[in-house]
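Line order of the protein sequences matches chains A and B. Each residue of the first sequence is one higher than the one before, starting from 1 at the first, in our numbering. Each residue of the second sequence is one higher than the one before, starting from 360 at the first, in our numbering. Note that beta-carbon positions come from the ideal geometry of N, C-alpha and C, so glycine has one too.
Protein chains: 2
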Amino acid sequence: MSEPLAPATLDLTADPVELTRVLCDIESVSGNEKAIADAVEQALRGLGHLDVVRRGNNIVARTRLGRSERVVIAGHLDTVPLNDNLPARRDGALLHGLGTCDMKGGDAVILRIAATVPEPNRDVTFILYDAEEIAAEHNGLRKLAETDPDLLAGDFAILMEPSNAGVEAGCQGTLRVEVRTTGERAHTARAWRGVNAIHRAGEVLRLLEAYEPRKPVIDGLEYHEGLNAVFVRGGVAGNVVPDECVVEVNYRFAPDFSEADAEAYVRDFFEGYDVTLTDCAPGALPGLDVPAAQAFVDLVGGEVFPKFGWTDVARFSALGIPAVNFGPGDPLFAHKQEEHVPVEHIERCEAILTRWLTS
Amino acid sequence: MSEPLAPATLDLTADPVELTRVLCDIESVSGNEKAIADAVEQALRGLGHLDVVRRGNNIVARTRLGRSERVVIAGHLDTVPLNDNLPARRDGALLHGLGTCDMKGGDAVILRIAATVPEPNRDVTFILYDAEEIAAEHNGLRKLAETDPDLLAGDFAILMEPSNAGVEAGCQGTLRVEVRTTGERAHTARAWRGVNAIHRAGEVLRLLEAYEPRKPVIDGLEYHEGLNAVFVRGGVAGNVVPDECVVEVNYRFAPDFSEADAEAYVRDFFEGYDVTLTDCAPGALPGLDVPAAQAFVDLVGGEVFPKFGWTDVARFSALGIPAVNFGPGDPLFAHKQEEHVPVEHIERCEAILTRWLTS
Numbered sequence: 001m002s003e004p005l006a007p008a009t010l011d012l013t014a015d016p017v018e019l020t021r022v023l024c025d026i027e028s029v030s031g032n033e034k035a036i037a038d039a040v041e042q043a044l045r046g047l048g049h050l051d052v053v054r055r056g057n058n059i060v061a062r063t064r065l066g067r068s069e070r071v072v073i074a075g076h077l078d079t080v081p082l083n084d085n086l087p088a089r090r091d092g093a094l095l096h097g098l099g100t101c102d103m104k105g106g107d108a109v110i111l112r113i114a115a116t117v118p119e120p121n122r123d124v125t126f127i128l129y130d131a132e133e134i135a136a137e138h139n140g141l142r143k144l145a146e147t148d149p150d151l152l153a154g155d156f157a158i159l160m161e162p163s164n165a166g167v168e169a170g171c172q173g174t175l176r177v178e179v180r181t182t183g184e185r186a187h188t189a190r191a192w193r194g195v196n197a198i199h200r201a202g203e204v205l206r207l208l209e210a211y212e213p214r215k216p217v218i219d220g221l222e223y224h225e226g227l228n229a230v231f232v233r234g235g236v237a238g239n240v241v242p243d244e245c246v247v248e249v250n251y252r253f254a255p256d257f258s259e260a261d262a263e264a265y266v267r268d269f270f271e272g273y274d275v276t277l278t279d280c281a282p283g284a285l286p287g288l289d290v291p292a293a294q295a296f297v298d299l300v301g302g303e304v305f306p307k308f309g310w311t312d313v314a315r316f317s318a319l320g321i322p323a324v325n326f327g328p329g330d331p332l333f334a335h336k337q338e339e340h341v342p343v344e345h346i347e348r349c350e351a352i353l354t355r356w357l358t359s
Numbered sequence: 360m361s362e363p364l365a366p367a368t369l370d371l372t373a374d375p376v377e378l379t380r381v382l383c384d385i386e387s388v389s390g391n392e393k394a395i396a397d398a399v400e401q402a403l404r405g406l407g408h409l410d411v412v413r414r415g416n417n418i419v420a421r422t423r424l425g426r427s428e429r430v431v432i433a434g435h436l437d438t439v440p441l442n443d444n445l446p447a448r449r450d451g452a453l454l455h456g457l458g459t460c461d462m463k464g465g466d467a468v469i470l471r472i473a474a475t476v477p478e479p480n481r482d483v484t485f486i487l488y489d490a491e492e493i494a495a496e497h498n499g500l501r502k503l504a505e506t507d508p509d510l511l512a513g514d515f516a517i518l519m520e521p522s523n524a525g526v527e528a529g530c531q532g533t534l535r536v537e538v539r540t541t542g543e544r545a546h547t548a549r550a551w552r553g554v555n556a557i558h559r560a561g562e563v564l565r566l567l568e569a570y571e572p573r574k575p576v577i578d579g580l581e582y583h584e585g586l587n588a589v590f591v592r593g594g595v596a597g598n599v600v601p602d603e604c605v606v607e608v609n610y611r612f613a614p615d616f617s618e619a620d621a622e623a624y625v626r627d628f629f630e631g632y633d634v635t636l637t638d639c640a641p642g643a644l645p646g647l648d649v650p651a652a653q654a655f656v657d658l659v660g661g662e663v664f665p666k667f668g669w670t671d672v673a674r675f676s677a678l679g680i681p682a683v684n685f686g687p688g689d690p691l692f693a694h695k696q697e698e699h700v701p702v703e704h705i706e707r708c709e710a711i712l713t714r715w716l717t718s
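This is how it looks when you write it as structure tokens:
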């Protein structure tokens, strides 16, 4: 029992649902991805037709067929913490358990495509990375983009985050500001000698309550912005008129706005108030006009939806690579105790990618 | 150096300004009043004409002359914490230092009257007590009122809290409520699926901003109420539409309102909102119609002002004893590093009390 365990062996000829189950049962909460990365590396190297590079617990496997286009297909290997939801468990049309939805179903599809489509019509770069579920500084894809941007090169990228086996294109940006009101302290028994900063914040909140979101249509997709107070704080003591109140506001902006556009919008919205920018990440345009993207969308056949939340799609976009989310599972069940994925989603994603890369 | 120190000796024949200085230099931050209580007890017992009772660090000294009226003259012995403002220091017309204003100038006047008016025209109860500057549970006057209410008996009481050597009558009550708004959590990227509780608090703050205070006139004194947010808090995470926001509100109410009146007023003001009462202390009516009070006010000669802040005057009022604040020092300098008292205030207070008790 004391000798090191050999890496778990992944059977890439198994059906993708069974492969998902095996991947889920290799526990890989963020920070603990070594075992699953070992198994993935061994399985991909064993295929023989891929160039495999490992950086930490990030695996990049590429075809080298000299095709005119190269596409990237990526997924993260980590999960949020355990919540009494392992091992994974098949129940009819659903596979239940931690990681089934976010996103080992997608990872299984990636490994299946790597194994079963040895000569795709487009060169493919498969990326399986770590630490997506924790602070951005640890994110494996971010690290690869910084240390080895050439490994990420491509004309189009698919991130296999759960999206109900449909295409979600682009993603909205996110920005945070602090809106600060000030006043003058006084004893509440003589409040007229002071100015209440919390009362002044009422107008800030009223503006937010009356906010009408932009819903720009980009490449045929309707985005939906949001401007929300996420925190409010103020107060000195129970008998003191407070001299400061801070409202922390999160702006989710459509990808037709740059970070500078978004900041200007918020500063204009809160004109006359003290506004401090604390955080900003750009959105990503859908970028569906490149041939590989167009062919992919045509194949999926269904509607394309805008991605509202911020995802690693934006990292590809920042590298100049159009990217979409396309993966099995309903994102509403991600990070939940009752996480699950429909078996049919996994099978459909594999079938679509296979057709796209072979037809 | 290791033997117990004898109590500091107070010379009650010294002028009241010098006596104030000596009292200030017996450091007596709340919780550390033993040394000053020892000195006060010894000095009062030494006079010979007073019945002296000690309870903890509270000293009660009474004349027993069989007069038709009994008046109470009280002051607390403790101070707020040191702030590099001891020893006390005379600078022309001002005495500077911790406790000079709040309220050892008043205590010195009490001790001087005790010493120099052995046969007052009204029986007098002198009370010097501890722990006024900290949580009410420790308050020495509160404890005396509970354990020995007979020691506090009287027809009229003067609390020698700083009031610019003028009379401040009655005091306003204080009440706190939490006003809570609720909503529904959602990811801020899809904020339209939730309801933002912080935005809903905007209307609560707008109501407060538009508040018009009552200013009732009672016994010729104009009070001035106040309704203030003293804290606001809300927020779950930087990417979550928050489902709760709490505004903590402090209502300072004139003494024509009972606690029940005050609560009803606030509940009516915030009608439709979730309001929780968290704290309440009643005000005190001026009570200037008793003969001793009327004689005292006539002697002071100047205008009588309403007391806006809550003071221990309300404890006497709760015992059915009309009470006023009358002491040297401007209360605006209490609890400040630059605390000080005008020498003239101390002298004037002593002169007025002497005339009132001897004429």
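Identity of the residue in the options nearest residue i by Cα
i, options, result
"A/G27", "A/W192, A/P87, A/V179 and A/V249", "Note that residue 27 of chain A corresponds to Glu in the displayed sequence, not to Gly. Out of A/W192, A/P87, A/V179 and A/V249, A/P87 has the C-alpha closest to the C-alpha of A/E27."
"B/N523", "B/W715, B/R714 and B/E706", "B/E706"
"B/N444", "B/S718, B/L716, B/F692 and B/R714", "B/F692"
"A/F296", "A/L353, A/D78, A/V124 and A/R190", "A/L353"
"B/P575", "B/L566, B/E568 and B/G585", "B/G585"
"A/V177", "A/A323, A/D279, A/S359 and A/F308", "A/D279"
"A/T315", "A/G173, A/W356 and A/L82", "In the sequence as presented, Thr is not what sits at residue 315 of chain A; that position holds Arg. If we check each option's Cα against that of A/R315, A/G173 comes out closest."
"B/D514", "B/V431, B/C530 and B/N555", "B/V431"
"B/L378", "B/A394, B/V412, B/V439 and B/D466", "B/D466"
"A/A74", "A/E339, A/P255 and A/T311", "A/T311"
"A/E303", "A/S258, A/Y211, A/G48 and A/G166", "A/G166"
"A/G66", "A/V29, A/E119 and A/L77", "A/E119"
"B/P687", "B/E698, B/H704, B/G668 and B/G579", "B/H704"
Per-residue contacts from residue i into chain B (C-beta, under 7 Å)
i, result
"A/E338", "Going along chain B, no residue has its Cβ under 7 Å from A/E338, so there is no contact; the nearest lies around 17 Å."
"A/L205", "I557, H558, A560, G561 and L564"
"A/T182", "Within chain B, no residue comes near A/T182; the closest Cβ sits about 14 Å away, beyond 7 Å."
Three-state secondary structure (DSSP) of residue i
i, result
"B/I711", "helix"
"B/I432", "strand"
"B/D615", "coil"
"A/E3", "Because A/E3 carries a pLDDT of 48, less than 50, the predicted location of this residue cannot be relied on, and the following value inherits that uncertainty. Three-state result, A/E3: coil."
"B/L470", "helix"
"A/I134", "coil"
"A/F270", "coil"
"A/E303", "coil"
"A/R233", "strand"
"B/L716", "helix"
"B/D638", "strand"
"B/E537", "strand"
"A/T13", "coil"
Chain B contact residues for residue i, given Cβ-Cβ distances below 8 Å
i, result
"A/A39", "Simply none; closest approach about 32 Å."
"A/A189", "Q531, T533, G585, R611, F667, G668 and W669"
"A/N325", "The contacting residues do not exist; A/N325 stays about 13 Å from chain B at best."
"A/N239", "T533, V589 and N609"
"A/C364", "Residue 364 of chain A falls outside the range modelled here, since chain A spans only 1 to 359, and no answer is possible."
Proximity test, residue i beta-carbon vs the ligand NAP heavy atom, cut-off 7 Å
i, result
"B/G660", "By its list of ligands, the structure shown contains no ligand whatsoever, and the ligand NAP lies outside what it can speak to."
Contacts that residue i makes with chain A (C-beta to C-beta distance below 9 Å)
i, result
"B/L567", "N196, I198, H199 and G202"
"B/G594", "A229, V230, F231, V232, R233 and E248"
"B/W551", "P213, H224 and G226"
Cβ neighbours of residue i in the same chain (closer than 8 Å, five flanking residues each side left out)
i, result
"A/Q42", "P7, T9 and L10"
"B/L564", "A588, V591 and V606"
"B/V702", "V376, R449, A452, L453 and L454"
"A/A351", "none"
"B/R721", "Here chain B has residues from 360 to 718 only, and residue 721 of chain B is not among them."
"B/T506", "R414"
"B/E362", "Residue placement at B/E362 is flagged as unreliable, the pLDDT there being 48, under the threshold of 50; a coordinate-derived value is accordingly withheld."
Within chain B, the residues that residue i reaches when beta carbons sit closer than 9 Å
i, result
"A/P242", "N587, A588, V589, F590 and V591"
Residues near residue i by beta carbon distance below 7 Å, same chain, minus five either side
i, result
"A/V52", "E41, L44, R45, I59 and A61"
"B/A495", "R501"
Own chain partners of residue i with C-beta closer than 6 Å, once the 5 adjacent residues on each side are dropped
i, result
"B/M360", "Per-residue confidence for B/M360 stands at a pLDDT of 40, beneath the threshold of 50, marking its modelled position as unreliable; no derived number is given."
With a floor of 4 residues, list each alpha helix (DSSP H) that falls wholly inside the segment 664-708 of chain B, ordered by position along the chain. 672-677
Starting from the N-terminal side, write out each stretch of the alpha helix (DSSP H) that is 4 residues or longer and does not extend beyond the segment 16-100 of chain A. 16-25 and 34-47
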